[in-house]
Every structure is written in structure tokens, then in C-alpha cells.
Amino acid sequence: MTEINQEHVWDMIEDINICMFITWDGSRQRARPMAHMSKPEEHAIYFFTDENGAKDDQLEKFPIVTLAYADQSQNDYVSITGTATVSNDRTKIEELWSPMMKSWWDGPQDPTLRLIKLVPEDAEAWDSPHDVVSTIKMAAAAVGLGKPDMGDSGKVRM
């Protein structure tokens, strides 16, 4: 069994490239898929955004954000809640820039490019078995032959 702790949560999200970035606009939640850059050594998760994005205004008023990660191939699921801020930190943007971002911005010097920094506060994770034997056990449980091992889950203070 794997203990669900901070380090394990960071490991789980490392290989999941896209998460659902969920904000509150004052009347309802808004979710959008976004690529993240996790930096556990900084206790931060970064996202590039456009200065004209609606989420930027939402974050100014309601900075608490939830990130939802899912890796169905590994049966790993993580939800992280934290406080997000938008900045124009050009040094950090330069550091985090990758050629993949050219699909949305001209380069790290693009004047519309901004950076969201999320500082995680807590997480919930489910690291379930992902091998054939576990699948067989779940199928057996479905027909009344015992309870399956559903893996490890837990809440973590980040």
C-alpha cells in the first residue's frame, strides 16, 4: 500500500499534463482544461494564461481554485485546492516557457502572456490498483465474490 502524503500527491500529478482548472465567478463554478507546470520544490503549480482571460478577473475576486487531475490509464485521481494569483513576472515566464506554448503566444515576451501561480493548501487523492489482477478482482466483487482492493485514498494537507 502506498501512503497518500504530499510527496505522493506531487508524484501523481507530475505525469498528468492537463488538469481541470476550476474557478468561481460569483454565481457558479467554471472549469477549463489547462496545462500545468508543477514545482514541488517551490510548493507551487503554474499555468500560463492570457491577460484577457475571464479566469483572471475571477481570480482577482475569488482566488480559491480547485484543480482536478485524472489519469485513467493508471487509475490515479487527484483534486487540489489552493490560492491562485495572476502575475506578469517576466523572469518566471521566461523560466517556465516551452516551445509548446507557441501555439497560443508568440513567445515568452508576448505582452498578453501572464502567469497563474497556485499555492496548494489541501488535496484528495485516489491511487487505485491498475493491473489486470485488480480488474479481475473488481469483476469478481461485482458478482458477489468479495470486496475488491480499491487502492489508497486520503486527504492531505499540502
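Following the working numbering from start to finish, the sequence shown increments by one per residue and tops out at 302.
From the three backbone atoms N, C-alpha and C, an ideal C-beta is built for every residue, glycine too.
All of these numbers come straight from a predicted model, not from anything done at the bench.
Look at residue 248 here: in three-state DSSP terms it is coil, with no helix or strand label.
DSSP, reduced to helix, strand and coil, places residue 155 within a helical segment of the structure shown. Contact check for residue 179 against residue 263 fails: the beta carbons are separated by 8 angstroms or more. Looking at the DSSP output, residue 191 sits in a beta bridge with 260. Residue 202: member of the alpha helix (DSSP H) spanning 198-205, first to last residue. Between the alpha carbons of residue 241 and residue 234 lies a distance of about 10 angstroms. In this structure, the alpha-carbon of residue 260 lies about 12 angstroms from that of residue 182. In chain order, 221 place their CB closer than 6 angstroms to the CB of residue 214, counting only its own chain and leaving out the 5 sequence neighbours on each side. Counting other Cβ atoms within 10 Å of its Cβ, residue 253 stays below 16 and is therefore classed as exposed.
For residue 211, the closest alpha carbon among the candidates 147, 271, 168, 247 is that of 168.
The continuous beta strand (DSSP E) containing residue 224 extends over residues 220-231. For residue 234, no beta strand (DSSP E) encloses it; the enclosing alpha helix (DSSP H) starts and ends at 234-240. Residue environment analysis places residue 244 among the exposed positions, since fewer than 16 neighbouring C-beta atoms fall within 10 angstroms of its C-beta.
Taking the C-beta atoms as reference points, residue 302 is found no nearer than 8 angstroms to residue 269.
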